[in-house]
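Taken in order, these protein sequences are the chains called A and B.
Heads up, the first sequence is in the working numbering, so the first residue is 1 and it goes up one at a time.
Heads up, the second sequence is in the working numbering, so the first residue is 1 and it goes up one at a time.
Even for Gly, the Cβ is constructed at its ideal location relative to N, Cα and C.
Since this is a predicted model, take the numbers as computed values, not measurements.
Since the structure comes first, as structure tokens, the remarks are kept for the end.
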Amino acid sequence: MHEMSLAESALDVIKDASGKQGFKRVKTVWLEIGKLSCVEKDAMRFCFDAVIKDSLAEGAKLEIVETEGQGRCTQCGNEMQIATLYEACSKCGSFGLQVIAGDAMRVKELEVE
Amino acid sequence: MCMTCGCGTSEVLIRGKQARKAAGADTPLHFRPHTAEVPGQDNEAKRIVKLEQDILAKNDGFADNNRRLFSANRILALNLVSSPGSGKTSILVRTLQTLKDDMPLAVIEGDQQTDNDAERIRATGVEAMQINTGKGCHLDAQMVERAVQQMTLPQHGMLFIENVGNLVCPAAFDLGEAAKVVVLSVTEGEDKPLKYPDMFRAAKLMLLNKCDLLPYLAFDVARAEEYARRVNPGIRIIRISATSGEGMPEWLDWLAVQHQAAA
């Protein structure tokens, strides 16, 4: 359940930002989770709710923004949407697509007060 | 249990020697900060703060520090990952026995509980630091930093970090290693690279272990290797047996090339 560590890391990012940006309370957190990242959305929700207790983000709403996976074929250069890491190129059939989007895990923005 | 607040959610122990029984000897290292925030009572207008920050940025910062330390000391650091029972420790024991007279070696062992694996390593005469992650399912870069601070660095040698047996969680956490080495054993399913693609994609080398058992199994080696290359076309694959020694020369050659690059 690495989502627990990731949720703790997300909270660390928020805490760091609170000092730099001068806010004391977080109402909403937008997380960008790529469909090719190693995060299970429901597990992340569960863990996030657990780690924000007694923090400046206690009770904050979690909005998960999912991004689609994008791959580029290393053989023919074709770019396509992909759902897994082991898809074949839709044009030439080669494996080994380079992931160009959809593997990120980011704290995008916060609604604070 | 955490010595600071008594909470039990993060029970990480780092032990450099045999398990000690003295009180306080196993003081857990707590990886969660204990600052208590009280929600503000002000009525400031709501506002949106844009961050766009990688969730793993903090781990990656510690990993960069580790990598710099390894590089400054000319150490080849490798992160061994696999499911439980694939034979990581057996491969390591055999490897250490072969290399220990040639260069400084050290091992960091990651397990949820016990220092049984570190004991197996220490029996070879090589220093081993055991990290017990408690409920944690993977090592992170900060745990490795803490362990490294307590050990003798194998300057101009090799540091093997044996991760918690788990094909999922350790994939995301950079420890500062030069490469991840994934071990798959032939007593597992040959479709594991497809089932757990993140790990096979993150690895530079796959060791296919327990090959001495192939005559007794229906394991399809070619298919397993093809699946691994679907996920990661650049992955190097070595068939090995920690028991019979098959494939050990090839693995040692690979290590020598990586060591050369780190030195």
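From the beta-carbon of A17/A, the residues of chain B found nearer than 8 Å are V49, L51, Q53.
Apart from sequence neighbours up to five positions away, the residues of its chain that approach L159/B with a beta-carbon distance below 6 Å are I75, A77, A106, ordered along the chain.
If you check each beta-carbon in the segment 5-34 of chain A against every beta-carbon of chain B, the ones closer than 7 Å belong to S5, L6, E8, S9, A10, D12, V13, A17, Q21, F23, K24, R25, K27. R230/B belongs to the set of residues whose beta carbon lies under 9 Å from a beta carbon in chain A. A direct Cα-Cα distance of roughly 10 Å separates D16/A from A10/A.
What N59/B touches in chain A, judged by beta-carbon distance under 9 Å, is S5, S9, going in chain order. Shown in chain order are the members of the segment 192-226 of chain B whose Cβ falls below 7 Å from a Cβ of chain A: L194, P197, D198, R201. In the three-state reduction of the DSSP assignment, Q142/B falls in the helix class.
Per DSSP, M199/B lies in no beta strand (DSSP E) segment; the continuous alpha helix (DSSP H) that holds it begins and ends at 197-202.
Taking 9 Å as the threshold, the shortest C-beta distance from A88/A to chain B falls below it. CA-to-CA, the gap between E32/A and A224/B works out to about 33 Å.
The DSSP-derived three-state label of N166/B is coil. By DSSP's assignment, L213/B forms no beta bridge with any residue.
Rounded to whole angstroms, the gap between the alpha carbons of S244/B and L194/B is 28 Å.
The Cβ atoms of Q112/B and T133/B sit closer than 9 Å to each other. Assignment of beta strand (DSSP E) within the segment 19-50 of chain A, counting only whole runs of 3 or more residues, yields 26-34 in chain order. When CB distances to chain A are screened at a threshold of 8 Å, the residues of the segment 109-143 of chain B falling below it are G136, C137, H138, D140, in chain order.
Q155/B sits away from G16/B, with the two beta carbons spaced by 9 Å or more. The DSSP-derived three-state label of M4/A is helix. Per DSSP, reduced to three states, the secondary structure at L51/B is strand. A distance below 8 Å between beta-carbons, with the five flanking residues on each side excluded, links Q258/B to the following residues of its chain, in chain order: L76, L78, A178, A179. When secondary structure is reduced to three states using DSSP, M105/A falls in the strand class. Straight across, the Cα-Cα distance linking E162/B with R45/A is about 30 Å.
The Cβ-Cβ distance between R236/B and L208/B does not fall below 9 Å.
Taking the Cα positions, Y196/B is about 41 Å away from E113/A. Taking C-beta atoms as the reference points, S185/B and G85/B count as a pair closer than 9 Å. Within the same chain, C211, D212, R239, I240 come within 8 Å of E246/B by CB-CB distance, once the 5 residues on both sides are set aside. At least one CB of chain B lies nearer than 9 Å to the CB of F95/A. For V168/B, the residues of chain A that pass the 8 Å Cβ criterion are H2, C38, in the order they occur in the chain. Taken through DSSP and simplified to helix, strand or coil, S82/B comes out as strand.
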